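For reference, the structure discussed in these notes is given below.
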Amino acid sequence: MSELSTLARLSGLFYEAAFSPERTGAAMAHLSRVLGDAWGVFGLSGRRRTETFHGDCSADFEALFFDPRIANPLLPVLADPGLNGVLSDADLMPNTEFRRTVFYNEWLTPQHAAGFLLAKAPIGGGLSAVLAMNLCRSPGGKQAGATSDRTAAALLKGLAPVIGRVAAIRLRTAGTALRHVGWGIVDGVGRTIGFDAMAEALLAAPGAGIELVHGQIRLRTVSGETNLDRLLAAACRRGPDNPATGGEMLVRPAAPGGPLLLVGIDPLVGENEPLGTSGLALLRVENLSPHAEADDEVEERLHQLLGLTAREAHLALSLAAGRSLAEHAVGRGVSLETARTHLRGLFAKTDTSRQGELVALLNRITRGPR
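What follows is the structure in structure tokens.
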């Protein structure tokens, strides 16, 4: 298997683990075999927070890793938010010096390891995704098995942006099941790479305006399809002069009783990342949930989804609350004609023509499905 094929296979396994945490062990096991019976840990690291997604060492050795008595040379590296990329024990000190350290003799050697490779990818907020693999080298200092130190380092360098994206997905998707949010990975034309159970359920919901057809997400209206194509293309494009961008669109029901969905598409892979992981986007499908929000939060949501001005958003909230146009005008201190002007703006931006239809849509957005 070529290095690129190996990277693509590993990338796929780690992306699967982003949505199904129980698969993290399988991804780590495959990486271990590729590196020649290496073992390690995958998780988050920062000055104020650490979290382990998967670790191969025992609880005793995990605790010892942070014990100041072994003078672990990796701890400053893990705590430094500015470090990005791959390093090995050889990058920290010469091999002869490394073999005399307490860390080598009391942490690595008892676990039948002789060195390490560490991939680190900052994901924002002072946090980094960390993938540390402990290597079982031969007496001559070379990596045991078929993978050389140089090849192993190149593989982890290619995998670094992937583990960064996976860790970011894990953070973003934590706890979202209660908010009726589904997640998936798609390419630039909407072909699916993987979905979680919530996303699959929302796409298969009766009357939904978005569906999965032969492994590709599709909208049921021509205008919606155009917007979806635009979002996918923007999120998956690459190039320093035209960076990828994310966006959202409101997907209205295709039939009575169908869910009102918010679809977000964000870049999954940034510049200078390996070919095996290029052209992918993170898909978010949200069934607008039945939870109350503060008016300012709803106004911001209406602005982002529908492009409403502040005054149009104020009117929208009044109508959704059951107030008449005249009551709104008096309450806001504006003329009835001004309120009618704002109402016409609402009709145009929501693609509705009757006040009852408009109010129903606004209630779905501000209150969620019943």
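Mapping of the sequence shown onto full-length UniProt numbering: position 333 corresponds to residue 333, and the numbering continues sequentially without gaps. Each residue gets a CB set at the ideal place from its N, CA and C atoms; glycine is no exception. Keep in mind that this is a model prediction, so the values were computed, not measured.
### Query
In its own chain, which residues sit with a C-beta less than 7 Å from the C-beta of Leu78, not counting the 5 before and 5 after it?
Ser45, Val130, listed in sequence order.
### Query
Is any heavy atom of the ligand COA found at a distance shorter than 7 Å from the C-beta of Arg284?
As presented, the structure is devoid of all ligands, the ligand COA included, so that no description of it is given.
### Task
Round the Cβ separation of residue 382 and Ala281 to the nearest angstrom and send it over; I've been treating them as touching at under 8 Å.
It is not possible to answer for residue 382, since the shown part of the chain is limited to 1 through 370.
### Task
List the residues that DSSP assigns as beta-bridge partners of Gln216.
Gln216 is bridged by DSSP to Arg191, Val213.
### Query
Do Glu16 and Gly190 come within 8 Å of each other at the CB atom, strictly closer than that value?
When the beta-carbon positions are compared, Gly190 and Glu16 stay at least 8 Å from each other.
### DSSP three-state assignment for Asn363, whether helix, strand or coil
Asn363 sits in a helix when the DSSP states are folded into three classes.
### Query
Going by DSSP, which residues form a beta bridge with His342?
Beta-bridge pairing links His342 to no other residue.
### Query
So, using beta-carbon positions, are Val41 and Asp56 closer together than 8 Å?
Contact flag set, yes.
#### Entry: Integer-rounded CB distance, given that Leu325 should sit under 8 Å from Ala348
Cβ-Cβ separation between Ala348 and Leu325: approximately 16 Å, too far for a contact (criterion under 8 Å).
### Task
Mind checking which residues open and close the alpha helix (DSSP H) that includes Asp266?
The continuous stretches of alpha helix (DSSP H) do not include Asp266, which lies in the beta strand (DSSP E) extending over residues 261-267.
### Message
Any contact between the segment 116-126 and the segment 80-92? By contact I mean 3 or more CB pairs, one from each, below 8 Å.
### Response
Enough Cβ pairs lie closer than 8 Å, so yes.
### Query
Is it the case that the Cβ atoms of Gly207 and Leu219 are separated by a distance below 8 Å?
At least 8 Å separates the beta-carbon of Gly207 from that of Leu219.
#### Entry: Neighbourhood of Val166 by C-beta, 8 Å cutoff - its chain only, sequence neighbours within 5 removed
For Val166, where only same-chain residues beyond five positions count, the Cβ hits under 8 Å are Phe14, Tyr15, Ala17, Ala18, Ala129.
### Message
At the level of alpha carbons, what is the spacing between Pro76 and Leu7?
### Response
Those two C-alpha atoms are separated by around 28 Å.
### Query
What residues are listed by DSSP as bridge partners for His303?
Answer is none; His303 lacks a bridge partner.
### Query
Which one or two residues does DSSP pair with Met249 in a beta bridge?
Its beta-bridge partners are Val263.
### Query
Helix, strand or coil for Asn84 per DSSP?
Correct three-state label for Asn84: coil.
### Query
Ends of the alpha helix (DSSP H) at Ala63?
Ala63 -> alpha helix (DSSP H) spans 59-65.
#### Entry: Identity of the residues DSSP links to Trp39 by a beta bridge
Listed as beta-bridge partners of Trp39 by DSSP are Asn134.
### Task
Grab me the residues of Ser20's own chain with a C-beta within less than 8 Å of its C-beta, minus the 5 sequence neighbours each way, in chain order.
Closer than 8 Å at Cβ, skipping near neighbours: Asp196.
### Query
So Gly281 is in the beta strand (DSSP E); what residue range does that whole segment cover?
Note that residue 281 is Ala in the sequence shown here, rather than Gly. Segment 280-287, the beta strand (DSSP E) holding Ala281.
#### Entry: Integer-rounded CB distance, given that Leu250 should sit under 8 Å from Ile265
Not confirmed; about 13 Å, so no contact.
### Query
Taking C-beta to C-beta, are Leu203 and Pro259 nearer than 8 Å?
Taking 8 Å as the cut-off, the Cβ atoms of Leu203 and Pro259 do not count as close.
#### Entry: Per-residue DSSP class, three states only, for Thr101
Of the three classes helix, strand and coil, the one that applies to Thr101 here is coil, per DSSP.
#### Entry: Under 8 Å between C-beta atoms of Leu346 and Ala320
Cβ atoms of Leu346 and Ala320: not closer than 8 Å.
#### Entry: Cβ neighbour criterion (16 or more within 10 Å) applied to Leu10
The residue in question, Leu10, is buried, as its Cβ has 16 or more Cβ neighbours within 10 Å.
### Message
Below 8 Å on the Cβ atoms is my contact criterion, and I expect Leu288 with Ile365 to pass it. Report the Cβ-Cβ distance as a whole number of Å.
### Response
The pair is a contact, with the Cβ atoms about 6 Å apart (cut-off 8 Å).
### Task
With distances taken Cα to Cα, identify the nearest neighbour of Leu358 among Leu306, Ser335, His54, Glu327.
The shortest C-alpha separation from Leu358 is found at Leu306.
#### Entry: Asn363 versus Asp80: straight-line alpha-carbon distance, rounded
Here the alpha carbon of Asn363 sits roughly 47 Å from the alpha carbon of Asp80.
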